[in-house]
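Student: Below is one structure. I have some questions about it.
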Amino acid sequence: DTGVSQDPRHKITKRGQNVTFRCDPISEHNRLYWYRQTLGQGPEFLTYFQNEAQLEKSRLLSDRFSAERPKGSFSTLEIQRTEQGDSAMYLCASSGRGQEAFFGQGTRLTVV
Amino acid sequence: DAKTTQPNSMESNEEEPVHLPCNHSTISGTDYIHWYRQLPSQGPEYVIHGLTSNVNNRMASLAIAEDRKSSTLILHRATLRDAAVYYCILRHTLGGNQFYFGTGTSLTVIP
């Protein structure tokens, strides 16, 4: 297993467009997290899945954001009608029975 | 959410030990103390975690105060590859398992 994989690594989009990011967690990890990170700040929690169930969503996750994890495997994060303020690094992490979480390399979104 | 407080930045000379402090005075009894680090342009990387007792692993040691209101991450011999932002995080294990990051400590290692 090569770890948590995120796709794409970089995305440039025009304001108002929709974008979708994918996260493939480590096999058999039942917990999956999405975070957003802007320059100079620590990652901010967005949402958490246990298997296919979305158990928690941050207040940061406005109605333009939606995340899914069908079948409890990979996850997608969609942002509709992107705004310049959405420009950030979007990080995915997964964890299994242990305490530690494993993060992907992130998807860097630039909204122009 | 229980909060952590860390210095914004620290410096260390290469091959010397580094002690990175963290205060978490509002920690609850079920919160684990985690440390992650983030190298430039990469996702955070797990370093170590603990609940009450001091912990050692191949990367670092974690010293936890008896009252659990503070902890210290110890890198025994800093290398240039240890230059990163280090985050001290409290992980809730009841009602969710998410991690809440602060702004971390940016460690500079001087050759």
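Heads up: the sequence lines are chains C and B, in that order. So for the first sequence, the numbering used here puts the first residue at 100; every next one is plus one. So for the second sequence, the numbering used here puts the first residue at 7; every next one is plus one. Note that beta-carbon positions come from the ideal geometry of N, C-alpha and C, so glycine has one too. These numbers were taken from a predicted model, which means no experiment stands behind them.
How would you list, in chain order, the residues of chain B whose beta-carbon sits under 7 Å from the beta-carbon of glycine 205 of chain C?
Tutor: Those within 7 Å of glycine 205 of chain C in chain B are Gly49.
Student: To the nearest angstrom, how far is the alpha carbon of serine 15 of chain B from that of threonine 78 of chain B?
Tutor: Rounded to the nearest angstrom, the two C-alpha atoms are 15 Å apart.
Student: Are the beta-carbon atoms of serine 174 of chain C and glutamate 167 of chain C separated by less than 9 Å?
Tutor: Yes.
Student: Counting only Cβ pairs nearer than 7 Å, list the residues of chain C close to threonine 109 of chain B.
Tutor: Within chain C, the residues near threonine 109 of chain B are Gln140, Gly141.
Student: Starting from glutamine 116 of chain C, find everything on chain B with Cβ-Cβ shorter than 9 Å and list it in chain order.
Tutor: Ordered by position in chain B, no residue passes the 9 Å Cβ test against glutamine 116 of chain C, which lies about 25 Å from the chain.
Student: Using a beta-carbon distance below 9 Å, is histidine 40 of chain B in contact with chain C?
Tutor: Answer yes: the Cβ-Cβ gap between histidine 40 of chain B and chain C drops below 9 Å somewhere.
Student: Quick one: what does DSSP say leucine 86 of chain B is sitting in, helix, strand or coil?
Tutor: DSSP places leucine 86 of chain B in helix when its eight states are reduced to three.
Student: Under DSSP, the beta strand (DSSP E) around aspartate 106 of chain C begins and ends at which residues?
Tutor: Note, aspartate 106 of chain C: beta strand (DSSP E), 104-106.
Student: Sorted by chain position, which residues of the same chain lie with C-beta nearer than 7 Å to serine 31 of chain B's C-beta, five sequence neighbours on each side aside?
Tutor: Cβ neighbours of serine 31 of chain B beyond the five flanking positions: Lys75.
Student: Counting Cβ pairs, one atom from each stretch, are 3 or more of them under 8 Å apart for the region 177-192 of chain C and the region 20-29 of chain B?
Tutor: Too few Cβ pairs lie closer than 8 Å, so no.
Student: Taking C-beta pairs closer than 7 Å, name the residues in chain C that tyrosine 93 of chain B reaches, listed in chain order.
Tutor: Gly141, listed in chain order.
Student: How about alanine 200 of chain C and phenylalanine 107 of chain B: are their beta carbons less than 9 Å apart?
Tutor: Cβ atoms of alanine 200 of chain C and phenylalanine 107 of chain B: not closer than 9 Å.
Student: Nearest chain B C-beta to leucine 176 of chain C closer than 9 Å, yes or no?
Tutor: So no, leucine 176 of chain C is outside the interface.
Student: Apply the 10 Å Cβ neighbour rule to glutamine 266 of chain C and answer buried if 16 or more other Cβ atoms are within range, or exposed otherwise.
Tutor: Here chain C comprises residues numbered 100 to 211, so residue 266 of chain C is not present and cannot be evaluated.
Student: Give me the DSSP bridge partner(s) of threonine 111 of chain B.
Tutor: For threonine 111 of chain B, which the question treats as bridged, DSSP gives the partners B:Tyr92.
Student: Could you compute how far the alpha carbon of methionine 65 of chain B sits from the alpha carbon of isoleucine 95 of chain B?
Tutor: Approximately 17 Å, taken between the alpha carbons.
Student: Below 8 Å on the Cβ atoms is my guess for histidine 128 of chain C versus arginine 207 of chain C; work out the distance and round it to an integer in Å.
Tutor: At roughly 23 Å, the Cβ-Cβ gap does not stay under 8 Å, so histidine 128 of chain C and arginine 207 of chain C are not in contact.
Student: Using the Cα positions of leucine 145 of chain C and alanine 69 of chain B, report the straight-line distance between them to the nearest angstrom.
Tutor: Their Cα atoms are separated by approximately 30 Å.
Student: Taking C-beta to C-beta, are glutamine 136 of chain C and alanine 192 of chain C nearer than 9 Å?
Tutor: It is not a contact, given that the beta carbons lie outside the stated cut-off.
Student: Going residue by residue through the region 105-154 of chain C, where are the continuous beta strand (DSSP E) segments of at least 3 residues, counting only ones entirely within it?
Tutor: Complete beta strand (DSSP E) runs here, min 3: 109-112, 118-123, 130-136, 143-149.
Student: Which residue from B:Thr109, B:Gly49, B:Leu81, B:Thr11 puts its Cα closest to that of glutamate 17 of chain B?
Tutor: Checking every option, the nearest Cα to that of glutamate 17 of chain B belongs to B:Leu81.
Student: Mind pulling the chain B residues with CB within less than 8 Å of leucine 127 of chain C?
Tutor: First, the residue type needs correcting, since residue 127 of chain C is glutamate and not leucine in the sequence shown. By Cβ distance, chain B contributes nothing, its closest Cβ being about 16 Å from glutamate 127 of chain C, past 8 Å.
Student: Which value, in whole angstroms, describes the spacing of the CA atoms of proline 117 of chain B and serine 194 of chain C?
Tutor: Straight-line Cα distance between these residues: approximately 35 Å.
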